[in-house]
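Numbering (mature numbering (1 follows the signal peptide of the UniProt record, and there is no 0)), first residue to last: 1 to 479.
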Ligand SMILES: Cc1cc2nc3c(=O)[nH]c(=O)nc-3n(C[C@H](O)[C@H](O)[C@H](O)COP(=O)(O)OP(=O)(O)OC[C@H]3O[C@@H](n4cnc5c(N)ncnc54)[C@H](O)[C@@H]3O)c2cc1C
Ligand SMILES: CC(C)=CCC/C(C)=C/CC/C(C)=C/CSC[C@H](N)C(=O)O
């Protein structure tokens with residue numbers, strides 16, 4: 001049989017890390033001749049965005065990257081960007097009345113405190129995360145050898161077997177309790193980690209819970225100048241066209257061929273600065289959540305109809321304050337003996353914040369570690385609702401600058417989790433399906449590479465690289 005020509009045109013909706021990394025991987029797979037159009041209704045970067053305060057920029061959305069997030073690591077290297085290490089934080093856990101755990105500057109004291117309060121739970125948690133990461137990292141090998149998956153469930157299954165798919169159906173608290181972690185450790189250490197990372201407590205699914213625990217590891221990093229530089233870099237490197245506008249609908253169209261056959265194409269309808277635009281594509285990739293209030297894309301003329309999803313996203317407000325923290329609000333007498341630079345919280349309905357932490361601007365100035373400075377620091381507060389003036393006056397003795405950004409940040413997780421499909425129609429793919437397992441920059445990049453491989457294999461009929469079992473053995477036999 002004649003090898004099929006590459007597609008002529010691919011549309012990607014959304015220029016966040018999912019959409020821009022898809023453009024990059026699609027260019028690698030389909031070659032230089034395919035036209036790739038990337039539609040973006042707001043800013044390139046999406047949920048990777050900085051906020052300006054007093055002439056400096058701070059990460060207002062996705063901020064930290066795990067040292068084992070290999071796609072993000074490779075992008076930064078290939079694009080000639082530099083990693084930036086966030087400042088060291090002394091962490092305290094506040095339960096609404098007092099600190100239940102406080103880190104000290106002294107390593108040995110921390111070890112003794114951890115053992116005294118939680119026995120071997122910290123060590124076991126470390127081992128738990130290591131095990132999860134070992135399994136997670138199998139995806140890089142599969143993707144290097146071009147293997148792809150037609151659903152997020154099968155992708156998770158290939159990484160971590162039944163453990164990973166079962167994680168979608170139980171809460172992180174239940175799973176850790178079953179694994180023998182103490183109730184106190186789950187309440188005082190695990191739940192605060194879920195509350196800072198996903199604004200939700202121990203009831204989130206165990207997969208996103210494990211990702212969230214990985215987000216407490218050491219060695220986390222960000223991109224010098226701002227994480228969104230990865231998206232602008234990928235857009236440029238992929239040689240795609242950025243179309244500034246809102247995609248309103250995608251419609252199925254049938255066109256006659258010279259041979260007498262017909263071909264199905266997808267018309268992407270968008271409102272752009274220069275008016276309405278209607279362009280036909282061979283492949284369409286959706287890299288934005290299709291949930292209510294987020295992307296508002298209609299799918300027209302499909303039988304059976306393509307569903308959009310109704311489950312909600314979690315509202316998260318990131319507020320930046322340049323001021324002097326009122327430690328006595330947290331029950332610490334002044335002067336507070338340990339000047340904590342990150343305060344996490346346990347589940348307590350009377351608390352109006354989830355976390356507060358000292359942050360540095362995205363550009364390192366070489367002026368030392370600001371978390372250690374005695375000057376006023378810039379703090380980032382995560383809360384479900386915007387902070388009122390009264391609440392700011394409770395948290396700060398004084399402040400002279402405040403800025404905030406409200407996000408529909410990540411899914412409201414509620415296991416058992418039914419994940420949206422990746423394949424919405426023959427050649428329409430949905431990258432953001434993966435967010436219902438866990439939302440993180442690397443998750444979007446993993447899903448983007450999977451969709452690039454899957455769309456390539458389906459276009460060219462390469463079935464042996466889709467949904468395979470025992471891939472590690474297959475790879476060994478390929479060597
Ligand atoms: C406050 C916060 C903190 C976070 N912290 C971290 C962290 O520390 N580490 C981490 O790994 N992850 C973090 N995350 C999660 C991470 O930011 C996201 O998982 C990731 O950025 C999602 O990328 P994406 O490209 O899939 O989606 P998005 O970034 O949302 O991109 C989708 C894009 O599509 C555009 N779009 C939507 N609809 C349309 C349309 N109809 N037409 C055209 N364009 C459209 C949007 O404007 C957007 O730019 C955080 C998220 C938030 C909000
Ligand atoms: C995908 C894998 C295997 C690991 C990612 C681990 C990671 C970096 C998790 C963090 C996820 C997240 C949504 C963090 C939000 S808050 C981040 C930070 N604490 C802040 O204050 O901005």
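The C-beta atom is built at its ideal place from N, Cα and C for all residues, glycine as well. Values in this document were obtained by computation on a predicted structure and should not be read as measured data.
Collapsing the DSSP output to three states places residue 216 in coil.
For residue 387, the shortest C-beta to heavy atom distance toward ligand 2 is 8 Å or greater.
At a threshold of 8 Å, residue 64 counts as near ligand 1, since its beta carbon sits closer than that to one of the ligand's heavy atoms. Short of 6 Å from the beta carbon of residue 45, and not among the five residues preceding or following it, lie these beta carbons of its own chain, in chain order: 228, 231.
When DSSP states are grouped into helix, strand and coil, residue 298 belongs to the strand group. Counting along the chain, the unbroken beta strand (DSSP E) around residue 407 starts and ends at 396-411. In the DSSP assignment, residue 268 falls within the unbroken beta strand (DSSP E) covering 262-272. Here DSSP, grouped into helix, strand and coil, assigns residue 311 to coil.
Within the region 89-167, the complete alpha helix (DSSP H) runs of at least 4 residues fall at 107-118, 121-136, 138-144, 152-167. Straight through space, the alpha carbons of residue 220 and residue 433 are spaced by roughly 25 Å. Take the alpha-carbon of residue 101 and the one of residue 308: they are about 43 Å apart. Around the beta carbon of residue 478, a 10 Å sphere encloses fewer than 16 other beta carbons of the protein chains shown; the residue is thus reported as exposed. Going by DSSP, residue 58 is part of the beta strand (DSSP E) stretching over 56-59. Counted as a single uninterrupted DSSP element, the beta strand (DSSP E) harbouring residue 377 occupies residues 377-383.
If the five residues before and after residue 319 are omitted, its C-beta is found closer than 6 Å to the C-beta atoms of 381, 387, 404, all from its own chain and listed in chain order. In the DSSP assignment, residue 11 falls within the unbroken beta strand (DSSP E) covering 9-13.
DSSP places residue 37 in the strand class (E or B) of the three-state scheme.
In this structure, residue 72 lies near residue 442, with their beta-carbon atoms less than 9 Å apart. With respect to the C-alpha of residue 36, the residue from 8, 332, 207 having the closest C-alpha is 8. Spatial neighbours of residue 416 in its own chain (CB-CB distance under 6 Å, excluding positions within 5 residues in sequence) are listed in chain order as 169. In the pairwise beta carbon analysis, the region 175-192 is classified as touching the region 105-123: at least three pairs are separated by under 8 Å.
One alpha carbon belongs to residue 179, the other to residue 206, and they sit about 12 Å apart. Ligand 2 never approaches residue 451 closely enough for any of its heavy atoms to be under 8 Å from the residue's Cβ. Distances from the CA of residue 360 to each of 25, 59, 43 were compared; the closest alpha carbon is that of 59.
In terms of side-chain proximity, the C-beta atom of residue 192 is found no nearer than 8 Å to any non-hydrogen atom of ligand 1. Around the C-beta of residue 200, 16 or more other C-beta atoms lie within 10 Å, and the residue is accordingly described as buried. Where residue 278 is concerned, the enclosing beta strand (DSSP E) starts and stops at 275-281. For residue 355, the secondary structure class from DSSP, reduced to helix, strand or coil, is strand. The C-beta of residue 112 has fewer than 16 other C-beta atoms within 10 Å across all chains shown, which makes the residue exposed. With contact defined as three or more Cβ pairs closer than 8 Å, the region 390-400 and the region 245-256 are not in contact. Residue 41 sits buried, since 16 or more C-beta atoms from the chains shown fall within 10 Å of its C-beta. Residue 439 sits close to residue 208, with the two beta carbons spaced by under 9 Å. Relative to ligand 2, even the nearest heavy atom lies 8 Å or more away from the CB of residue 164.
The bridge partners DSSP lists for residue 470 come to none. Taken through DSSP and simplified to helix, strand or coil, residue 183 comes out as helix. Here residue 30 is actually not in contact with residue 457; their C-beta atoms are around 11 Å apart, not less than 8 Å.
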